[in-house]
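Structure, as structure tokens:
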């Protein structure tokens, strides 16, 4: 068994190293919360932006993942800020992902190619914080006026909190739910007298839903097991069943308990009986695409997919329900956040840009209404029309956050590999649980701050 585990560890070593270099910072690399979009600013464009700043005033440099540019009005934010701050030029460096390795090297040398870096959450930020490379957000420099902490959803702020210190401000949040095709649910008799989808209370019940919904050309349930969502999906589903994702020590992620086994057995049965597929192993957008095209009845994914699907479907035909148990125990949420490097000479200006533009009503509500990207601020949900927002907010408010481990990237990669082995029938559920526990024992589960 140990030799088998060692083989897996060696096979994953290079993948783990590469994964670390594709997270939040100022450099380039990348992937969307669900889909990558190329668009990194060229070296010549970067040099031109530097020159413009030097000649005409201050150049505020913002590194942003390219997919965000299509969902938020960054150009409008630039125009507004430049108008309100004469002499300031806002320059965007678009990347697919952001490169921790490059940023760490730059910042350790007292240099930076950005004043704000957008993307990722605290698991990607902890290495910066541990080396004192990024600004801590406090009541003095940020959480004041209209931006006191009580104005934010606590669960989203927690994703930028490291050992009691706030090193990241959330730009947007996501929470895991189940998006449903309402006409398909109606046809299967899974709505109440008012035409509202009846949430499945257990995974056995959700299995029965998927069975009723599966027919020629239509799959009952798609579960986001792709490389971008595997851990989030696992943690959200486990928390719904068990009310926790941890072992008794409250720190170590649970892979071996009875609740885990029962969840995994339902997942495997869904696949074996043809009520779900593993298409997301090869294409992490497979479920997303199939739902929009009417080939998939239910999609366990970021809940924002329900708003997004309304772009190509009748919005009235799309609903969202909680993952079994998460209406009581809470789902899992994650963020894409913003950090400011300490070596930036424009720290105050960067904070102003975040407050005045990136967190303002119009910037946030455009993405809320069009794409379901959740604002971290409570006030932005007061006048939303879609009737499912209260449901989403209900399982967001008590949602949990992912564990903060120094070796989380390694654990994520290994979990993906082992889960695929199990779900495709290459190993038993007992093998999966044994391998995961053995691998966990080799990892650094500290936050990495010490």
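In mature numbering (1 follows the signal peptide of the UniProt record, and there is no 0), the protein residues as written are -24 to -1, 1 to 426.
By construction, the Cβ of each residue, glycine as well, lies at the ideal position given by its N, Cα and C atoms.
Quick caveat: nothing in here was measured; it's all calculated off a predicted structure.
Problem set entry | residue 325, DSSP secondary structure in three states | In the structure shown, residue 325 sits in a helix (DSSP, three-state: H, G or I).
Problem set entry | Beta-carbon contacts of residue 203 that lie in its chain and below 7 Å, excluding the five residues immediately before and after | 260, 392, listed in sequence order.
Exercise. Counting along the chain, where does the alpha helix (DSSP H) carrying residue 385 start and finish?
Worked result: Note, residue 385: alpha helix (DSSP H), 384 to 399.
Problem set entry | Every unbroken alpha helix (DSSP H) inside the region 40 to 87 [4 residues or more] | Whole alpha helix (DSSP H) segments, 4+ residues: 42 to 45, 50 to 60, 76 to 84.
Exercise. Would DSSP call residue 242 helix, strand or coil?
Worked result: Of the three classes helix, strand and coil, the one that applies to residue 242 here is helix, per DSSP.
Exercise. How is the beta strand (DSSP E) around residue 272 delimited, first residue to last?
Worked result: 272 to 278 is the span of the beta strand (DSSP E), which, as asked, contains residue 272.
Exercise. Can you tell me whether residue 422 is buried or exposed, with buried defined as 16 or more other CB within 10 angstroms of its CB?
Worked result: Its Cβ having fewer than 16 others within 10 Å, residue 422 is exposed.
Exercise. When you compare only the Cα positions, how much space is there between residue 243 and residue 226?
Worked result: Looking at the backbone, the Cα of residue 243 and that of residue 226 are separated by about 25 Å.
Problem set entry | Alpha carbon of residue 198 to alpha carbon of residue 312, nearest angstrom | When rounded, the distance between both Cα atoms is 24 Å.
Exercise. Does DSSP classify residue 408 as helix, strand or coil?
Worked result: The DSSP-derived three-state label of residue 408 is helix.
For this session: Taking residue 367 as the reference, give the member of 128, 339, 280 with the closest Cα.
Result: Comparing Cα-Cα distances from residue 367 to each of 128, 339, 280, the minimum goes to 280.
Exercise. In this structure, what does DSSP give as the bridge partners for residue 93?
Worked result: In the DSSP output, where bridge partners are listed per residue, residue 93 has 39, 315.
For this session: Kindly indicate the opening and closing residues of the beta strand (DSSP E) around residue 212.
Result: Here residue 212 belongs to no beta strand (DSSP E); instead the alpha helix (DSSP H) covers 206 to 218.
Problem set entry | Backbone secondary structure at residue 221 - three-state DSSP | Here residue 221 sits in coil by DSSP.
Exercise. Are the Cβ atoms of residue 111 and residue 70 separated by less than 9 Å?
Worked result: Using a Cβ distance threshold of 9 Å, residue 111 and residue 70 do not count as a contacting pair.
For this session: Alpha carbon to alpha carbon, how far is residue 97 from residue 89? Give it in angstroms, no decimals.
Result: The alpha-carbon atoms of residue 89 and residue 97 are separated by roughly 20 Å.
Exercise. Within this structure, are the beta carbons of residue 282 and residue 273 separated by less than 9 Å?
Worked result: No, the pair does not count as a contact, with Cβ atoms beyond the cut-off.
For this session: Taking 9 Å as the cut-off, decide whether the C-beta atoms of residue 377 and residue 309 are in contact.
Result: Taking 9 Å as the Cβ cut-off, residue 377 and residue 309 qualify as a contacting pair.
Exercise. In chain order, what residues of the same chain have a beta carbon less than 6 Å from the beta carbon of residue 322, not counting five sequence neighbours either side?
Worked result: Exclusion of the five residues before and after residue 322 leaves 36, 91 as the residues of its chain whose Cβ lies within less than 6 Å of its Cβ.
Exercise. Should residue 170 go down as buried or exposed, given a rule of 16 or more other Cβ atoms within 10 Å for buried?
Worked result: Classification of residue 170: exposed, given that the 10 Å Cβ count is below 16.
For this session: For residue 288, I'd like the list of residues in its chain whose CB is within less than 7 Å of its CB, leaving aside the five on either flank, ordered along the chain.
Result: Answer for residue 288: 268, listed in chain order.
Exercise. Can you tell me whether DSSP reads residue 30 as helix, strand or coil?
Worked result: The predicted model places residue 30 with a pLDDT of 45, which falls under 50 and marks its position as unreliable; any figure quoted below should be read in that light. Reduced to three states, the DSSP call for residue 30 is helix.
For this session: Determine the contact status of residue 397 and residue 407, defining contact as a CB-CB distance below 9 Å.
Result: It is a contact, given that the beta carbons lie within the stated cut-off.
Exercise. Is it right to say residue 363 is buried, meaning 16 or more other beta carbons lie within 10 angstroms of its own, or is it exposed?
Worked result: Residue 363 should be labelled exposed.
Problem set entry | Where the beta strand (DSSP E) through residue 295 begins and ends | Segment 294 to 297, the beta strand (DSSP E) holding residue 295.
For this session: Could you please give me the residues that DSSP links to residue 110 through a beta bridge?
Result: Answer is 317.
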